[in-house]
Amino acid sequence: MTPRVVYVDATTPDLVDSFTRKTFTWMVESVREEALAARIIDAATFDAGIRDLYRAAEPDGVFCYTFFKGLAAKPAHLPREGSNGRDV
């Protein structure tokens, strides 16, 4: 696992729009109804969080997020997917 940091502020206006607004904030906004239905969060708190994300996209705002890149390999002794456990 290796960290991949995204740091966005007014010095990177293209990332403010493309990442903070149109990727990250949109991704969170898109699960609003599911999050409310599952009672993970209440509407007022969710909406305040969305406002805060948009606030981070303002000229004096900062957005920072760390993704993690992982690499995995399937051991050769395990059956291939769809093989029903038998050699294919």
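Under my numbering, the first residue of the sequence shown is numbered 374, with each subsequent residue one higher.
Glycine included, C-beta positions come from ideal geometry on N, C-alpha and C.
All of these numbers come straight from a predicted model, not from anything done at the bench.
8 Å Cβ cutoff, residue i in contact with chain D
i      : result
Phe436 : Protein chain content of the structure displayed is limited to a single chain, and chain D is not contained in it.
Residues of its chain near residue i, where Cβ-Cβ distance is below 7 Å and the 5 sequence neighbours each way are ignored
i      : result
Leu388 : Val381
Where the beta strand (DSSP E) through residue i begins and ends
i      : result
Val378 : Thr375 to Val381
Thr418 : It is not in any beta strand (DSSP E) - Thr418 instead sits in the alpha helix (DSSP H) that spans Ala416 to Ala429.
Own chain residues within Cβ distance below 6 Å of residue i, not counting five before or after
i      : result
Val378 : Thr439
Straight-line Cα distance separating residue j from residue i
i      : j      : result
Leu451 : Ala445 : 14 Å
Lys395 : Val404 : 14 Å
Ile352 : Asp425 : Since the first and last residues shown for the chain are 374 and 461, residue 352 lies out of range.
Contacting residues, own chain, Cβ-Cβ under 8 Å from residue i (five flanking each side not counted)
i      : result
Phe441 : Met374, Thr375, Pro376 and Arg377
Reduced DSSP category for residue i - H, G, I as helix; E, B as strand; rest coil
i      : result
Lys447 : coil
Opposing strand residues paired with residue i [DSSP bridges]
i      : result
Thr441 : Looking at the sequence provided, one finds Phe at residue 441 rather than Thr. In the DSSP output, where bridge partners are listed per residue, Phe441 has Pro376.
For residue i, the first and last residue of its enclosing alpha helix (DSSP H)
i      : result
Gly405 : Reading the sequence as shown, one finds Arg at residue 405 and not Gly. Arg405 -> alpha helix (DSSP H) spans Arg405 to Ala410.
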